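Trainee: Can you keep this structure in mind? I'll have questions shortly.
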Amino acid sequence: MKLINAIESVTRWSGRLGAVLVFPLIGALVFEVFSRYLMGRPTLWAFEISYMVMGAIFMLGMSNALRVRQHVSVDIVSMQLNERVKAIINAVGYFLFLPLLIWLVWELSTYALQAFETNERSGRSAWNPVVWPIYTVWFVGFLFLALQVLAELIRSVKTALGHKQVEEGGS
Numbered sequence: 069m070k071l072i073n074a075i076e077s078v079t080r081w082s083g084r085l086g087a088v089l090v091f092p093l094i095g096a097l098v099f100e101v102f103s104r105y106l107m108g109r110p111t112l113w114a115f116e117i118s119y120m121v122m123g124a125i126f127m128l129g130m131s132n133a134l135r136v137r138q139h140v141s142v143d144i145v146s147m148q149l150n151e152r153v154k155a156i157i158n159a160v161g162y163f164l165f166l167p168l169l170i171w172l173v174w175e176l177s178t179y180a181l182q183a184f185e186t187n188e189r190s191g192r193s194a195w196n197p198v199v200w201p202i203y204t205v206w207f208v209g210f211l212f213l214a215l216q217v218l219a220e221l222i223r224s225v226k227t228a229l230g231h232k233q234v235e236e237g238g239s
C-alpha cells in the first residue's frame, strides 16, 4: 500500500539519521575525555551535547525500531495464535495507543514552539544552550512514531480482515 510505503520511507530515513548521530556523540565524548584528562581543561558543552544528541538518537530511532520490529515484546502467548488473531490484538493495541501519541505530538509541538518564542535555555551548565532544537527533535520523533503506529494499524487491520500480510519492504 502506498501510504504504508511512504510512512516507512520516512521512518527508515529517521532511523538512519539517528544512527549517523552516533558519530558526533562519540566525537564529543572523546574530545571531552581528551580535554579533561590530558589537557586538564574540561569543556563547558560536552555534557549538554551528549545528552541532547543521545536523546535525538533515541527519538529519531524509535519509529524505525517499530518498523523493523525491534521493540521488546513478550510473545509467549502470541506464538500460539494464528496471524489473524495476532493482527486483531495488534490492531486494538495500536488503535488505543494512537490517540495518546497524537496528544503527545500536539503537546510537544506547543512545547517546542514556546521554547523557541521565549528563547528558553537549559540551565544545566555554564554553556546554557537554547533547548528548542532538542524539543523539536522530540516532537519530530514522536510524530514519526505516530505515523509508524498508523502504518502498523493499517497493516494489522488488513491482515485481520484476511488480506495477505503486508510486510515492510526491507531495511
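Counting from 1, position 117 in the sequence shown corresponds to residue 185 in the working numbering; the numbering is continuous, with no gaps.
For each residue, glycine too, the CB sits at the ideal point set by N, CA and C.
Here the structure is a predicted model, which is why all the values come from computation and not from measurement.
For Val198, list the residues DSSP reports as bridge partners.
Mentor: Within the sequence shown, numbered from 1, the residue matching residue 198 stands at position 130. Note: Val198 sits in a beta bridge opposite Arg189.
Trainee: So, at 8 Å on beta carbons, what are the nonlocal neighbours of Ser239 in its own chain, with the 5 sequence-adjacent residues on each side left out?
Mentor: Taking the sequence shown and counting its residues from 1, one reaches residue 239 at position 171. At Ser239 the pLDDT is 49, less than 50, meaning the model places this residue with poor confidence; the figure from the coordinates comes in the next sentence. Once the five neighbours on either side are set aside, the close Cβ partners of Ser239 are Arg80 and Val136.
Trainee: Suppose only complete runs of 4+ residues qualify. What are the alpha helix (DSSP H) ranges in the region 87-111, listed by chain order?
Mentor: For the region 87-111, whole alpha helix (DSSP H) runs of length 4 or above, ordered along the chain, are 90-101.
Trainee: Is Ala114 closer than 8 Å to Phe99 when the C-beta atoms are compared?
Mentor: Residue 99 sits at position 31 when you count from the first residue of the sequence shown. Residue 114 sits at position 46 when you count from the first residue of the sequence shown. Result yes, Cβ atoms of Phe99 and Ala114 sit closer than 8 Å.
Trainee: Taking Cβ positions, are Leu89 and Val121 nearer each other than 8 Å?
Mentor: Residue mapping note: residue 89 aligns to position 21 of the sequence shown, counting from 1. Residue mapping note: residue 121 aligns to position 53 of the sequence shown, counting from 1. Closer than 8 Å, so yes.
Trainee: Run the CB neighbour count on Gly209, radius 10 Å, all protein chains shown included, and call it buried at 16 or more, exposed below.
Mentor: In the sequence shown, counting from the first residue as 1, residue 209 sits at position 141. Per the 10 Å Cβ criterion, buried.
Trainee: Looking at C-beta atoms only, is the number of pairs between the region 148-167 and the region 204-224 that lie closer than 8 Å three or more?
Mentor: Verdict: yes, contact present.
Trainee: Provide the residue span of the alpha helix (DSSP H) that contains Val241, from first to last.
Mentor: A question about residue 241 goes unanswered here, because the residues of the chain that appear run from 69 up to 239.
Trainee: Return the residue from the list Ser103, Leu71 and Leu215 that minimises the CA-CA distance to Leu128.
Mentor: Here residue 128 is taken as the residue at index 60 of the sequence shown, counted from 1. Ranking the options by Cα distance to Leu128, first place goes to Leu215.
Trainee: Could you have a look at Trp232 and say whether DSSP puts it in helix, strand or coil?
Mentor: Counting from one through the sequence shown, the residue named residue 232 turns up at place 164. The residue you asked about is not Trp; residue 232 is Lys in the sequence shown. Three-state DSSP puts Lys232 in coil, outside helix and strand.
Trainee: Residues in its own chain within less than 8 Å of Gly237 by CB, not counting five upstream and five downstream?
Mentor: Counted from its first residue, the sequence shown places residue 237 at position 169. Bear in mind that a pLDDT of 49 at Gly237, under 50, signals an unreliable position, so the number given afterwards is only what the model happens to contain. Taken in chain order, the residues that qualify are Asn73 and Glu76.
Trainee: Does the separation of the CB atoms of Trp195 and Glu116 fall below 8 Å?
Mentor: Residue 195 sits at position 127 when you count from the first residue of the sequence shown. Residue 116 sits at position 48 when you count from the first residue of the sequence shown. For Trp195 and Glu116, yes; Cβs fall inside 8 Å.
Trainee: Between the Cα of Glu185 and those of Thr204, Leu169 and Thr111, spot the shortest distance and give me the residue it belongs to.
Mentor: Residue numbering aside, residue 185 sits at position 117 when the sequence shown is read from its first letter. Ranking the options by Cα distance to Glu185, first place goes to Thr204.
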